[in-house]
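For the sequence shown, this note's numbering begins at 4 and goes up steadily by one. Here's the structure, in structure tokens; my notes come after.
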Amino acid sequence: MEHRHLTPHEFDLLVDGEEGFGVAPLRAHVDQCAACRQELEAQTRVVEALENLPHFSPSPLFAYRVMREVQVFEPWHVALRDQVARALPRSQA
């Protein structure tokens, strides 16, 4: 492998434990490059810490509260139709 450090994608492959074509040269580079080895160890620790976080679900009212704040676009012709319908008397038929 040429003298360069690994890319974020290459670190991801190693952290994820990928096996396959092209991974062996990446592992060989990490064995020889102290900077990449340290970065791989740091990224591995972050992933392990994230995996050990407790799992939780949002409150059942979470979606309701979010959707209550969403402004829905109403096309002008729909607004006009509704306004006219409210202004006209309703027939009793």
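By construction, the Cβ of each residue, glycine as well, lies at the ideal position given by its N, Cα and C atoms.
The Cβ neighbour count for Val50, taken over all protein chains shown within 10 Å, is under 16; the residue is labelled exposed.
Contiguous alpha helix (DSSP H) elements confined to the region 22-79 occur at 26-35, 37-54, 65-72, taking only those with 4 or more residues.
Glu42 and Arg30 have their C-alpha atoms some 13 Å from each other. With a 10 Å radius around the Cβ and a threshold of 16 neighbouring Cβ atoms, Phe59 comes out exposed. A distance of 8 Å or more separates the beta carbons of Ala38 and His12.
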